[in-house]
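Since the structure comes first, as structure tokens, the remarks are kept for the end.
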Amino acid sequence: MVRAPPSPTPEPALGSRPQRRVAHRLDERQWHDGLGKRLRVVGRLERARPLLEKLGTTITYIGDHGAGQVAKACNQIVQVVNIEGIAEAMLFARANGVDCSTVLRALQAGFAGSKMLDLMGPKMAGRDFAAGIEARLHQKDYGLILEMAHEAGLAMPAVAIVAQQLNALVGQGWGKQDTSALLKVLEAANGRSSD
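What follows is the structure in structure tokens.
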């Protein structure tokens, strides 16, 4: 199993290299869901299924070599764009004199509810920016995602904005804090007190 950091270009060539009888390549990407669960995406699934079933319970075949990398990038897009939206909602509530925890409970019960809101909303409302996942890692991922999007000829405005916010977060020296610290970036940009 090859577990290299993602690159901007998927790696189909790795799977086409000649292989010895004892070694097989898998395209495996892994990420954490922020709730203590490790998720894996693996190419060449059926051959590896017996081993993978010993390592985890949810096993999903995405596609040939490079597909796992794309799936991980999709995961990061959805997660961190969501975190930015939560940060903006918390800033908006506070700026309008509404208690963030109360707004959070209302959002969780409606269509805005999500696992990410359940995880990041209380951290932002309670101003707990201790890292679950360090924001600098999301910044690195977003740099790669933008490169991949550029190579594919895609405009991705939400990704571009979030990448700027992550760059600002790291630039402020908050890169080892949780990505929920995107709230602090918004507060600083709006001249609002961080605490």
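Position in the sequence shown (from 1) plus 6 gives the number in my numbering. Think of the CB as a built atom: it goes at the ideal place given N, C-alpha and C, for glycine as much as any other residue.
Residue of the options minimising C-alpha distance to residue i
| i | options | result |
| --- | --- | --- |
| A93 | K78, G177, R133 and L58 | R133 |
| Q85 | A195, A161 and D184 | D184 |
| I68 | L175, A169 and A79 | A79 |
| H144 | K121, V168 and R53 | V168 |
| A136 | A174, L188 and G74 | L188 |
Pairwise C-alpha distance: residue j and residue i
| i | j | result |
| --- | --- | --- |
| V104 | E90 | 19 Å |
| R111 | K190 | 21 Å |
| P56 | L150 | 32 Å |
| D147 | Q82 | 7 Å |
| V76 | I139 | 20 Å |
| G127 | M96 | 8 Å |
| K182 | A166 | 21 Å |
| T108 | E59 | 42 Å |
| L113 | N102 | 16 Å |
| Q170 | E157 | 19 Å |
| L123 | G62 | 25 Å |
| A195 | K121 | 27 Å |
| R100 | L175 | 20 Å |
| A115 | L192 | 25 Å |
| A73 | G197 | 42 Å |
| S153 | G159 | Rather than Ser, the amino acid found at residue 153 in this sequence is Glu. Rounded to the nearest angstrom, the two C-alpha atoms are 10 Å apart. |
| C106 | G119 | 15 Å |
| L172 | R53 | 39 Å |
| F117 | L125 | 16 Å |
| G177 | F98 | 23 Å |
| T64 | A155 | 28 Å |
Bounding residues of the alpha helix (DSSP H) (the contiguous stretch that carries residue i)
| i | result |
| --- | --- |
| N196 | Careful: N196 lies outside any alpha helix (DSSP H) and carries neither H nor E. |
| D124 | K121 to A131 |
| L160 | Unbroken run through L160: none, as it is neither H nor E. |
| K78 | A73 to A101 |
| Q219 | The chain is shown only over 7 to 201; residue 219 falls outside these bounds and no answer can be derived. |
| V109 | C106 to Q114 |
Integer-rounded CB distance, given that residue j should sit under 8 Å from residue i
| i | j | result |
| --- | --- | --- |
| A141 | W180 | 6 Å |
| S186 | K129 | 4 Å |
| A164 | V87 | 5 Å |
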